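A quick write-up on the structure given underneath.
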Amino acid sequence: MEKKYWKGLEELQANKEFTKAQKNEFQEDLPLEDVFNEGIGEKNTGRRDFLKMMGFSVAAATIAASCEIPVRKAIPYVIKPEEIVPGVANWYASSYSDGGEYCSIMVKSREGRPIKVEGNPNSPLTKGGTSARVQASVLSLYDTGRAKGPSINGNEAKWDAIDTAITSALVAGPVAVLTSTVLSPSTQGVINDFVTKFAGTHVTYDAHSASGMLAANEADFGTRAIPNYRFDKAEVIVSFGADFLGTWIAPVQYTKQYVAGRKLNNADMKMSKHFQIESMLSLAGANADNRIVIHPSEEGLAVSGLYNLLKGGSCSLSCKTQLKQVADALIAAKGKSLVVSGSNDKNIQQVVNQINAMLENYGTTVDMSNVSYQRQGDDASVATLLNDIKAGKYKTVIIAGCNPVYDYPKGDWTAALKGVACTISFNDRIDETTAACKYHTPDNHFLESWSDAAPMKGEYSLIQPVIAPLFKTRQMQDSLLKWSGASVDFLAYLQNYWTANVITNEGDKQAAWDNAVKNGVFSTGAAEATAMSPKGDVNAALSAIAATYTGKSDSVAVVLYEKVGLGNGKYANNPWLQEMPDPITKATWDNYACISYNYAMKLNLLENNASMFSDHKPLWDAKEVRMIEVSVNGAKVKLPAIVQPGMADNTIAIAVGYGRTAAGKVGNGVGQNAYPLMTWANNAWLPVAFNASVNTTNDKYTVAQTQTHHSYEGRRIVKETTLADHKQNPHAVNADRKEIVEATTTLYGDNRRFGDHEYKGHKWHMAIDLNSCIGCGNCTVACQSENNVSVVGKEHVVRAHEMHWIRIDRYYSIGNKEGGFNTMEKNINADPNFENVQVTFQPMLCQHCANAPCENVCPVNATNHSSEGLNQMAYNRCIGTRYCANNCPYKVRRFNWLDWNGADSFEGNLHDDADMANSLTRMVLNPDVTVRARGVIEKCSFCVQRIQEGKLEAKKNDMRLMDGMVKTACQSSCPADAIVFGDINDAQSAVRSIYDEEDTKRLYFVIEELNIQPSVGYLAKVRNTDKIASWKESNGKKHEGHEAHAEKA
Amino acid sequence: MNKLYNLLSKHVLGLIALLVLASASAAYAAPDGEAIFKNNCSSCHKLDEKLVGPALKDVEKRRDRAWLAKWIRNSSAVIASGDEYAVKLFNEYNKTQMTAFPNLKDDEINAILDYVKTPPKDKAPVAGAPAAGAEDNGTMIYFVALLFLVFLVVYLLLGRVNNNLNEMVQEKSPEAFDKPLPLLKNRRFIGFLIIIATIFVGYRAADSAIDMGRSQGYSPDQPIKYSHKLHAGEMKIDCKYCHVGVEKGKQAGIPTVNICMNCHKAVGETVNGTGKEEIAKIKSAYENNTPIKWVRIHNLPDHVYFSHAQHVKAGQIACQTCHGQIQEMEVVAQNQPLSMSWCINCHRETKVQFNNNKYYGMYEELHQKIKDGKVTSVTEAMMGGLECQKCHY
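Going line by line, the protein sequences match chains A and B.
Heads up: take any position in the first sequence, counting from 1, add 173, and you land on the numbering used here.
Heads up: take any position in the second sequence, counting from 1, add 875, and you land on the numbering used here.
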């Protein structure tokens, strides 16, 4: 029997509501009845009403028609800046650096207006990759929530007045400067000078810190820093709850490395093996080959268990058998393995250090010689600072880039700040913390600033302004320099710093500086990585772990995590991030309590009846879920509970970063603040809480989840295999495709690649490697930014009106490839918590079929086929019948139900939850792409504007279009290099070589059997695991499915 | 009949003449020094007198070709390198920066210098082909009008004859005829009239609806009475000198004030002493840093993507093709309808630079067809130039 893939439990259960809903392309009928009942259609609509309406229409049409064409002006520069040519984009290298997050970027600017951020391929760290937040950062520049200028106690003020007031206040006494991680060495210099001058202190505060790891490394190696991990060099990767692909420290950098270590090459089939040991399903966990689910109270015990097993000892946890396999794998890959932990507990990190040392990983996969500075926050000193402020030790407190009033778990920062005579905030808006400060001196956006960053020892990166400040803001560094009476501005300071400390070995300093500005990055060279052994006392750490982690898996625990899109909540006012579906839950615009199926049953949140598997009655209301109240030591949040496969039992996972009250129009009141649930232990805030209590309520809440939108009605569209099977027979994974190809060839002739069209020139194709795609969803935001894709707001996401041109379909499955568990009943009998769920991600976009079903049904020929293989969409022809969307088997066509971008043209006509329809935010729009009007269909265009630009570039330079001159937005944004795009008619193109190489191996087309001849080829996923299903088998449990598998084997 | 034959043969001859001219202009030639000079240099340099820059006669006696090439490509670099002659020259001309031409190839620079060395004698103006075309059009109209007249006369004559015959028959036997219904009470006739009227009104309505938003002939008053006739026509300043973006990007660009000032720093009035007021406006815009708000004439809808670089640089289309005889316009008017059918027509008819641009090398099948003689030239339409997403995305 075929393995079953499902997107949500409602699909697995095949509940009636779901089955009915997925039959319809549009989840709801048009509200025609309402309209008719309310007025125009009524039987008693009289002749007079008819005439009135008729008259109005004629009058309106006449007025519209008789309007003269408005006189438009063309206003050139007075003196044109040398590098600007109207209509031609300029690219500037810069860096995204916020808190500890870092990414080297290229900023696309049109007529002086930044509109798109791409990765910088020059960077040895991020190598051209980006994350969703990096992509969305350009929208934050045009955020209406930003402060328009400085203020005193909330009243607008002049910079001069503020400068005078602050300069005289500063002399009063000691100053405390509280910032998030400062990656910029020159900014650090400015802060150091400042605190020296005013006898103050500088404290670094990260909302979700790595204090524990920093403290552990300080104790073990004397360096308070994060090592440089090399996921690419590791053959075995073990992660204890560290979501290194999603949110942990430097996800872009780690993803690049991780994927490099897992790219399959037919000549040498090798890929790293990844174990993830965690309590909730994280993005890294979803990509792991083997996953062990543990209760949060077992986290420390699992680490010490592994340590003991590696030493030849024993482990008492229930997952000991699996841990033993992990230990065996690690020992076999000594020196080429890597163990990481996401815990903020110093003791756990010390044991992890010991494990890595025992495995001889220091010097190979863990490098303490070239350390990373990407997290510097110190929870203990923040706690001390809070007490000191309360005690009145400081006369001035300066806040920069952090928001403790909102995200500090416990402790009244508002009261503490109110007690200080002079409080200054540099934050970009009047957020929670700024509201408690006297002076607000807003910093520039990073796209308006000069600065630098040193993410790693020896690696430098520059930030250059690409636009003059939009508002009356001033760079923080300039303010600090000015208040301390320095004579230089920050640009001069920065250049001096670089001359003295960075480009010291360069002969021509000016040339070196210019080059660094141009390239964005500068390396002073890495030191040789050396083997090290930790000096810390491992036994003390082990016993401390035993005291903290009780291993009581029947108690209720809470795990707090950051979402891949929204992060720590700083960008809550960014609608692109709010609407980006979470990679795992596929939920937008909210946080919620993720619980396991079993636990939901236990809490009576589901309809449990005897015939639950036979009558397909919904177990819960898919649109409105029940809310639960979670309390930990007096802190309480009330959240909707959603059932999430892969969760540990008795565990609640909640995302932080929500529940902002002063983020701005978009972010205010979205979700609940979960920071107060954190636990203080070992001088750090742990993102877990043990011994939580839960009250169920009867309140219901709608979570806007997109997981079951655009469903395939169970058609088989993902393919996967195991590495062992694939090595043995690389053609096996595509065995069924051979048949399909033969059948379609017999029926329709050999037109698989080109269809019935004749492609004389280019023929655009895409290849997506499912083995590389980690499902981060970054491409969704990149596409949104490139193609002016609208944000619709929560209410409309619920109605399946989201507009994303590329979505990531996330499939769950349990069972091996032959004998899967095809029904909910079998699944639950085998694995009541869906702990062993395997996740497959599949980016889905318009497949540009050569024999496209959408083209045939358009009554006005608005969608048709180009000679280059593009399925074209002419918006101005579209009359909105939506037949095409109905007929598209991939469900990738989107309809504009409302005017998302121009709703402000009539006052009071705003359907604008996302705050995108205003002149400021519209500056982010790409002028080369039409902004779609209400009532038309849109979909992926293969970034046709980039194709046309590439062709023109080739013509202008009198050359052929070379492979790589055209890159789609999703392709260039992908940190995993999973997407390859190019001309299949070009024998030199990468996409052609993938097609040729993998034709009978991993390459397949989704629903190819329909003979729609898609232009997007997928490469099957390969899991580096021996048996896909029976991971728990060795644990002693025997399940039906496993037996079936055993029989077959 | 003889007359008709003459007309037709004239027509055909005209067409052939057009074709010959067009194909001649499309042929590839070695760099034409005169053309390059006129396009790039003539706005600042004359051969035998000082303009914005020095007179170029005997320039090679002053400096060698290698130095000149370096200077032409990037004069500021030469000045920055401390070259004595360069610095002196720069100071002599009030520190006016010469526009850099980094893209000029060696043979192009050589061609310019060859031209400067030995300028050819003045050529006689070539008779314009368009004039012949216009004449043809005129004769066509006369021809149609003549035909119409002939038919009208025939119709009236026949009607007269018919009437007479009818009257004669009626006189003989009046009972053979019903009393004819007055025309305006005839149902069929009224129905016919209504249909005709509907078609006519509908056609007019559709036609004017299609025309809505188009503004062929639009020539608004501009804030400065700038004359293309003077600058482009009489002074022969190359279009690209002011419209700098035309080969680089989407927009040709309205010249920025600093470009005007390149010349108008020195030129304050025309030779006749007119234009002082208008030139003063530019100077005041420059001095007060206030941009000039020109009225935009050519407006395309937002959902159309048009790139000047594509047409002028890659397609080698002359500006006049779309903008009309701009060098004769005192006030600029929109010359062409800028309608979609107009675009499409050109894509159907205009030959692309198929053999001159390496980009088109990938269309192997078409190249083969040319070799085999199946196709003589390639239009945009043959490469998908009529498809929606060539212009709409």
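Think of the CB as a built atom: it goes at the ideal place given N, C-alpha and C, for glycine as much as any other residue.
Please read these numbers as outputs of a predicted model, since none were measured by experiment.
Per DSSP, A:A673 is not a residue of any beta strand (DSSP E), being assigned neither H nor E. Interface annotation, B:S1252: not in contact with chain A, CB-CB separation never under 8 Å.
For a Cβ distance threshold of 9 Å, nothing in chain B lies close to A:I399: the least Cβ distance comes to about 44 Å. Taking a contact as a CB-CB distance under 8 Å, the pair A:P1148 and A:T303 counts as one, their CB atoms being some 6 Å apart.
Sorting A:F1007, A:V810, A:K331 and A:V1189 by C-alpha distance to the C-alpha of A:I467 places A:F1007 at the top. In its chain, beyond the 5 residues on either side, P849 and L850 have a beta carbon closer than 6 Å to the beta carbon of A:A808. For A:V368, same chain residues with a beta-carbon under 8 Å away, outside a window of 5 residues either side, are V348, V350, T374 and H375 in chain order.
Chain B has no Cβ within less than 8 Å of the Cβ of A:D982.
Any Cβ of chain B closer than 8 Å to the Cβ of A:E1041 would place that residue at the interface, and such an atom is present. For A:Y269, the three-state secondary structure derived from DSSP is strand. Per DSSP, reduced to three states, the secondary structure at A:T646 is coil, with no helix or strand assignment.
Take A:C1031, set aside five residues on each side of it, and the residues of its chain with a beta-carbon closer than 6 Å to its own are C1057, in chain order. For B:R1079, no chain A residue has a C-beta closer than 7 Å to its own C-beta; the minimum C-beta separation is roughly 13 Å. If the five residues before and after B:M1258 are omitted, its C-beta is found closer than 7 Å to the C-beta atoms of Y1238, all from its own chain and listed in chain order.
If you check the CB distance, A:E780 and A:K790 come in under 8 Å. Within the region 256-270 of chain A, contact with chain B at the beta-carbon level (separation under 8 Å) is assigned to V258, P259, G260 and V261. Minimum Cα-Cα distance from A:Q880 among the listed residues A:Q817, A:L1176, A:K509 and A:L496 corresponds to A:Q817. The region 332-341 of chain A makes contact with the region 655-672 of chain A: 3 or more CB pairs, one atom from each, lie closer than 8 Å. Around the beta carbon of B:E1152, fewer than 16 other beta carbons lie within 10 angstroms, which makes this residue exposed. The CB of B:V1170 comes closer than 9 Å to the CB of V244, R245, K246 and A247 in chain A, given here in chain order. Of the residues A:I1120, A:D909 and A:T1141, the one whose Cα lies closest to the Cα of A:S958 is A:T1141. Residue state for B:Q1195 is assigned as helix, using DSSP reduced to three classes.
Counting C-beta atoms within 10 angstroms of its own C-beta, A:R435 has 16 or more neighbours from the protein chains shown and is therefore classed as buried.
Taking 4 residues as the minimum length, the alpha helix (DSSP H) runs contained wholly in the region 233-320 of chain A are 305-314, in order along the chain. For B:K1233, the C-beta contacts it makes with chain A under 7 Å involve D1131, M1132 and R1133, in order along the chain. The alpha carbon of A:Y772 has as its nearest neighbour, out of A:V737, A:A609, A:N1197 and A:A730, the alpha carbon of A:A730.
If one requires a minimum length of 4 residues, the alpha helix (DSSP H) runs lying completely within the region 549-622 of chain A are 552-563, 577-580, 586-591 and 605-608, in chain order.
Taking CB atoms only, A:G1123 has no neighbour in chain B less than 8 Å away. Fully contained in the region 411-458 of chain A are the following beta strand (DSSP E) runs of length 3 or more, in chain order: 446-451. Residue burial is scored here from C-beta neighbours: A:V661 has fewer than 16 other C-beta atoms within 10 angstroms and is therefore classed as exposed. When only Cα atoms are considered, B:A986 and B:G1199 end up about 30 Å apart.
Three or more pairs of CB atoms, one per stretch, sit closer than 8 Å, so the region 383-394 of chain A contacts the region 514-525 of chain A. At least 8 Å separates the CB of A:A1160 from every CB of chain B. Measuring C-alpha to C-alpha distances from A:A1090 to each of A:D316, A:K300, A:Q426 and A:V1102 identifies A:D316 as the nearest. Residue pairing by DSSP leaves B:Q1185 without any beta bridge partner. Residues of the region 940-969 of chain A with a C-beta less than 8 Å from any C-beta of chain B: none at all.
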